[in-house]
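Read the structure below first, then the notes.
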Amino acid sequence: MINFENPLNPMQKLICVVGVFLALLSPIKAAKSRTFLLSEYLLGQMHYDTIQNGQTKTNYRTIEGATIMYGYEYNPLNRWFYTRYYGFLDYGYVILDKKDNIETNMFTYGAGADVVIEYNKNPLNVWGLFYGMMVAGNTWTTSKFSRDFFVENYRSFTSFTFKRTYFRVLGEVGIRFQTVILYHDVSIEVGFKFPFDTELGSKFVRDYSMFVSHTWYF
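This is the structure:
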């Protein structure tokens, strides 16, 4: 037992130093089941079809936006193979016609799950791969000005409901890097998000998105 009335001897000092070090290291060594908050930048492609001179024309546009995701990473044994589950919201912005300032907004919202494989367990330098699937609703919204433009100029949009929600099944794949900053695990991910379906019934369809994300763990 340490006597706090007298100065510590060398052995007691060593025990204290080791104890403090282990206390600081414990968040890194603990089992990795934890919640996480992810923010993501998206850049991809969408398309829509119009009828011009009796023929269908496919128009491709760039879609840019962001994602916020909140979930739980399940890895109680701190192994190299684990899963994570989450809810998410994607937002995308598209300029359909620069000349007439026609635009649309995309909202994708739902839940998903990923499988994560890590191949370096050094707490300061963890690399991994992930693959996941998401089930979501997808809604395209436009201003009244943009809606009127499409209805007046393209016959294929006369019966289209611009705010209807469409069912989507999405996949994602990517790589991740994790390290420790201020005793918290953080990660950066780069990947590719793609649909398994074609968003049946919608005139606007997101084809794919590339993303870069930052994750903070709790």
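So the number in the working numbering is just where the residue sits in the sequence shown, counting from 1, plus 95. By construction, the Cβ of each residue, glycine as well, lies at the ideal position given by its N, Cα and C atoms. If you're wondering where the values come from, they're calculated on a predicted model, not measured in any experiment.
- It is roughly 11 Å from the alpha-carbon of Asn-170 to the alpha-carbon of Thr-130.
- DSSP places Asp-292 outside both helix and strand once states are collapsed to three, so it counts as coil.
- Taken atom to atom, the span from the alpha-carbon of Thr-151 to that of Met-201 is near 23 Å.
- In the same chain as Val-281, and ignoring 5 residues on each side of it, the C-beta atoms closer than 8 Å to its own belong to Gln-273, Thr-274, Val-275, His-309, Thr-310, Trp-311 and Tyr-312, in chain order.
- A straight line joining the alpha-carbon of Thr-145 with that of Arg-156 spans about 13 Å.
- For Phe-131, the enclosing beta strand (DSSP E) stretches over residues 129 to 147.
- For Arg-242, the enclosing alpha helix (DSSP H) begins and ends at 239 to 248.
- Here Ala-206 is exposed, its C-beta having fewer than 16 other C-beta atoms within 10 Å.
- Here Phe-306 is buried: its Cβ has 16 or more other Cβ atoms, across all protein chains shown, within 10 Å.
- For Met-229, the closest alpha carbon among the candidates Met-164, Trp-235 and Glu-284 is that of Met-164.
- For Asp-192, the enclosing beta strand (DSSP E) covers residues 176 to 192.
- In the structure shown, the three-state DSSP call for Phe-252 is helix.
- Taking 8 Å as the cut-off, the beta carbon of Thr-178 is found no closer than this to the beta carbon of Val-221.
- The alpha-carbon separation between Gly-227 and Phe-299 amounts to approximately 24 Å.
- By DSSP's assignment, Phe-225 forms a beta bridge with Val-211 and Gly-269.
- Taking all protein chains in view, the Cβ of Asp-243 is surrounded by fewer than 16 other Cβ atoms within 10 Å, so the residue is classified as exposed.
- Taking a C-beta distance under 8 Å as the contact criterion, Asn-233 and Glu-294 qualify as a contact pair.
- Ranking Glu-213, Tyr-167 and Lys-193 by CA distance to the CA of Trp-175 puts Glu-213 first.
- For Lys-298, the three-state secondary structure derived from DSSP is coil.
- Under the three-state reduction of DSSP, Arg-156 is assigned to strand.
- Looking at the backbone, the Cα of His-279 and that of Ala-208 are separated by about 23 Å.
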